[in-house]
Amino acid sequence: MPALIKAVRGTRDLLPPDTETWNLVEAAARDCFGAFNFHEIRTPVLEDLALFQRSVGEETDIVSKEMFAWEDRSRAESEKGQWLALRPENTAGVVRAYIEHKLWERAGVQKLYYIGPQFRRERPQKGRYRQFYQIGAEIIGPPASGSESPARDAEVLEMLATLLERLGIQNWTLELNSVGCPEDRVRYNQALRDALAPVVNQMCGDCQRRAVTNPLRVLDCKVPADQPIIEKLPRISDYLDEPCREHFYEVQRILKALAVPYTINSRLVRGLDYYVRTVFEFTHGALGAQNAILGGGRYDGLSEALGGPRAPGIGFAIGEDRLVMALAEVRPAETAAPDVYIAAMGAGMNAEAARLGRELRHSGITVELGDESFRLKKSLETASKLGARFAVILGENEIQSGQIAVKNLATGEQQAVARAELPGRIRQNR
RNA sequence: GUGGGCGUAGCUCAACUGGCAGAGCACCGGACUGUGGCUCCGGACGUUGUGGGUUCGAUUCCCAUCGCCCACCCCA
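With our numbering as the guide, the letters of the first sequence map in order to residues 133 to 562.
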């Protein structure tokens, strides 16, 4: 026997009834985003590697060590092999499409959402997979379209709160921060380095490394012993210039007006290079170490970094795997049951059953077919296990008389119904 | 990439200091040839993740390897 082929590390099959939950989440997202006038965009899973190097950032772990990337073989021999990558996130692709299709020519701001798989070559753990799914949305447009307005930030945050609420997910926390504009961050980074210099040798090994490579990351450190030191480090809020400060204030003012609860987390920094000003994260307990179910922020300079026109934007990505996990606590998955199970009996009855099934489905009824080889007992047993509401018995007697036996599997009550009345009878009892 | 935990039937798990691999649930069939759920009877379930070692004998002990899980780094 050949060796079994299994799903590759970090990927997984989603089976029923779990897929019902996934569909529920996606339907809720589409519905909710639609109410905010967002429209769907689908970008390729495969992109030019350079797209992510330029947007997410060459030095980020995502790009430097967690991407599935390879040189395209078909052109390798001409020594101009194109480097391809499976997308590790979707914002870069959306902005690329925005530029490529000159979407700035369209009226107003572009409000786009996507649902799809992303890929990162990380070690899997709870809530983290190599193929994972994100539901995200972006608002992007030329400055004149209002894309830079704090009202857009608030709109996105309100939309997320609405979605979580609609899904019945509670106990989420919105953590909000502003990382300022690039100039602010340069000044803040310097201030951090200065403040860390005298104390960094008292900190954990990771922090000593971060202090050199990415001082902002020191703020995320979870080592208890480091906390007193971190508390005393300068805060980004003291380094924001006036426009950034004003922007952040206005976002909060609108959130308050909308009664969207949030907390300021001055240590919240996000991993992607392109974020400016508003950054945020929604967290949820009981998800293990990966407690962030979604994150996002503003990326006013991204379009230009990718060779496009100035097009400020803000967006987020929901970790769908994690959202589903959180939702599963509220609503356990359940397989939908058929309305009717057709118990065909006797040679030649499969065709009759198929015809009847076709008629019923035409009326919007969900039908499962038995098989003419089954004994009635077995058909009823199966119908019952599947959770069907009705068993429709189709045998010689029924064909002869034109009266079809319909059994309500919950009550055990059975009656003969004229074939023409069958769909109506079943629908009214659904 | 690093650290820890765990791999026994489809699922949840047993099996004493090393002595014939088991139970519950689920599945299939029968009791009941056109009437499910309850009950009873029966059946199939497995190279104990894989490979090696120690031993008269290994699910058990040792080594290696693969896989999964959890955590770190990083991140959604």
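We treat Cβ as the ideally placed atom computed from N, Cα and C, and that holds for glycine.
According to the Cβ coordinates, are residue i and residue j closer than 8 Å?
| i | j | result |
| --- | --- | --- |
| K243 | F184 | no |
| F448 | A269 | yes |
| F412 | E307 | yes |
| V527 | G478 | Checking the sequence shown, residue 527 turns out to be Gly, not Val. Yes, the pair counts as a contact, with Cβ atoms nearer than the cut-off. |
| R409 | F380 | yes |
| I450 | I301 | no |
| G312 | C376 | yes |
| R186 | A389 | no |
| P274 | R442 | yes |
| Y320 | Y261 | no |
| E644 | A537 | No answer is possible for residue 644: the residues shown for the chain start at 133 and end at 562. |
| I272 | Y230 | yes |
| M335 | I368 | no |
| G429 | Y407 | yes |
| D471 | R342 | no |
| P356 | A323 | no |
| P524 | L488 | The question names Pro, yet the displayed sequence has Val at residue 524. Going by C-beta atoms, V524 is nearer than 8 Å to L488. |
| Q263 | T175 | no |
| M199 | R253 | yes |
| F165 | M291 | yes |
| D373 | D316 | yes |
Roughly how far, in whole angstroms, is the beta-carbon of residue i from the beta-carbon of residue j, given that I think they are within contact range, below 8 Å?
| i | j | result |
| --- | --- | --- |
| A159 | I247 | 10 Å between Cβ atoms; not a contact. |
| I425 | R399 | About 19 Å; that fails the 8 Å criterion. |
| E469 | G519 | Checking the sequence, you will find Ala at residue 469 rather than Glu. Right, the Cβ-Cβ distance comes to about 3 Å (below 8 Å), so this counts as a contact. |
| W215 | A201 | 6 Å |
| V177 | L218 | 6 Å |
| L387 | L289 | 6 Å |
| Q532 | A550 | The Cβ separation is near 13 Å, so there is no contact. |
| L459 | L299 | 6 Å |
| V188 | E221 | 7 Å |
| L554 | L492 | 7 Å |
| V331 | Q340 | The Cβ separation is near 11 Å, so there is no contact. |
Kindly indicate the opening and closing residues of the alpha helix (DSSP H) around residue i.
| i | result |
| --- | --- |
| G556 | L554 to Q560 |
| T514 | L508 to L518 |
| A201 | It is not in any alpha helix (DSSP H) - A201 instead sits in the beta strand (DSSP E) that spans A201 to E203. |
| D338 | G337 to T345 |
| T223 | T223 to E232 |
| R238 | Careful: R238 lies outside any alpha helix (DSSP H) and carries neither H nor E. |
| T151 | D150 to A167 |
| R317 | P314 to L328 |
| E378 | E374 to L390 |
| Q359 | Q359 to E363 |
| D193 | D193 to K197 |
Taking all protein chains shown into account, do 16 or more other C-beta atoms lie within 10 angstroms of the C-beta of residue i, making it buried, or fewer, making it exposed?
| i | result |
| --- | --- |
| I137 | exposed |
| K517 | exposed |
| R228 | buried |
| Y473 | buried |
| G539 | The question names Gly, yet the displayed sequence has Lys at residue 539. K539 is buried by the Cβ-count criterion. |
| H233 | exposed |
| F251 | buried |
| T467 | exposed |
| V318 | exposed |
| N309 | buried |
| V456 | buried |
| S196 | exposed |
| G337 | exposed |
| E95 | Because the chain spans 133 through 562 in this model, residue 95 falls outside it and cannot be assessed. |
| Q384 | buried |
| R521 | buried |
| H494 | exposed |
| A329 | exposed |
| T543 | exposed |
| A391 | exposed |
| E452 | buried |
| L146 | exposed |
Which stretch, first to last residue, makes up the beta strand (DSSP E) that contains residue i?
| i | result |
| --- | --- |
| G103 | The structure shown has nothing for residue 103, since the chain only spans 133 to 562. |
| L526 | F522 to L526 |
| V538 | Q535 to N540 |
| I474 | V472 to A476 |
| N309 | W304 to S310 |
| F184 | Taken as a continuous stretch (DSSP letters only), F184 belongs to no beta strand (DSSP E), being part of the alpha helix (DSSP H) at L181 to F184. |
| L218 | W215 to L218 |
| Q546 | Q546 to A550 |
| F412 | V408 to H416 |
So does residue i have its beta carbon nearer than 7 Å to some heavy atom of the ligand ATP?
| i | result |
| --- | --- |
| F522 | By its list of ligands, the structure shown contains no ligand whatsoever, and the ligand ATP lies outside what it can speak to. |
(request) Report the residue ranges of all alpha helix (DSSP H) runs contained in full by the segment 250–302; include only those spanning at least 4 residues, in chain order. (result) 282–299
(message) Quick check for students: name the residue ranges of the beta strand (DSSP E) that lie wholly in the segment 426–455, counting only runs of 3 or more.
(response) 445–451
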